[in-house]
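Numbering (our numbering), first residue to last: 5 to 203. Step one of this worksheet: look at the structure below.
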Amino acid sequence: MMSAKLRTYLKVYNLILAVAWLVFLFYEVLIGFHIDSLAIILLSIAQWAAVLEVGHAAMGWVRSPVFSTFIQVLSRVFVVVLLYFLPAQYFLTISGVSGWHLIVGAWSITEIIRYFYYFQLLRESEWHPITWLRYSLFSILYPVGVIGEILIVVSVMNWIGWQLSAGTVFPGIVLVLYLVFFPQLYGYMLKQRSQKLTS
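The structure is reproduced here in structure tokens:
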């Protein structure tokens, strides 16, 4: 059973993170989904705070699997760090849409819903539309977010002159990790979806 102090801490944590992602998304809408220093700072605050989730899972405070939480947080923090170095003009695009645009939309919507979902569970007052959104929108938003992350990684590789070749170890490892771990994380969410939406 969760102590009152721990429940309060987790409620505050989830509410603060939901608001942080809302602020980031609102700012991005205001500036037309561009990237600037304030946008990166707001994104960094929201994303680096998620590092605490690995600790929450490791200490058994939440039921999230430690390894998959670690991988997901690590991949996003890695992308945020890359954004500090990548000049905006080097973002690769697909039909005018860059990795930045994809992660702004996918990450923000996913996290706003996710943190409000956890907040409501901790209040023991589940609101079914939030549950439905949490376990339905991921099927589109997770792949969109991963495509955005990969576009950013490839943009950085392009910018610093790394080419996808047998002699390039680091970028290849990063891309292979996406191919290995994304299906596992996605499969976990599909399993969660079938449990949550059929009960």
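No residue lacks a Cβ here, since even glycine has one placed at the ideal position from N, Cα and C.
When DSSP labels each residue in this structure, what does residue i get in the three-state scheme?
i: I209; result: Limits of the chain in this structure are 5 at one end and 203 at the other, which puts residue 209 out of reach.
i: R197; result: helix
i: S112; result: helix
i: S48; result: helix
i: V66; result: coil
i: A170; result: Confidence is the limiting factor: at A170 the pLDDT is only 47, short of 50, which leaves the residue's position unreliable, though a coordinate-based value still follows. Coil, per DSSP.
i: W275; result: Here the chain has residues from 5 to 203 only, and residue 275 is not among them.
i: Y192; result: helix
Hey, could you find the ends of the alpha helix (DSSP H) residue i is sitting in?
i: A24; result: 8–34
i: L145; result: 142–163
i: E57; result: 55–62
i: L87; result: 70–89
What residues are listed by DSSP as bridge partners for residue i?
i: I98; result: V101
So residue i and residue j are supposed to be a Cβ contact under 8 Å. How far apart are they, rounded?
i: V160; j: L90; result: 5 Å
i: V84; j: F74; result: V84 to F74, Cβ: 16 Å. No contact.
i: V16; j: Q51; result: Actually they are not in contact, since the Cβ atoms of V16 and Q51 sit about 18 Å apart, beyond 8 Å.
i: V178; j: V157; result: 6 Å
i: L46; j: V27; result: 6 Å
i: A43; j: I35; result: 7 Å
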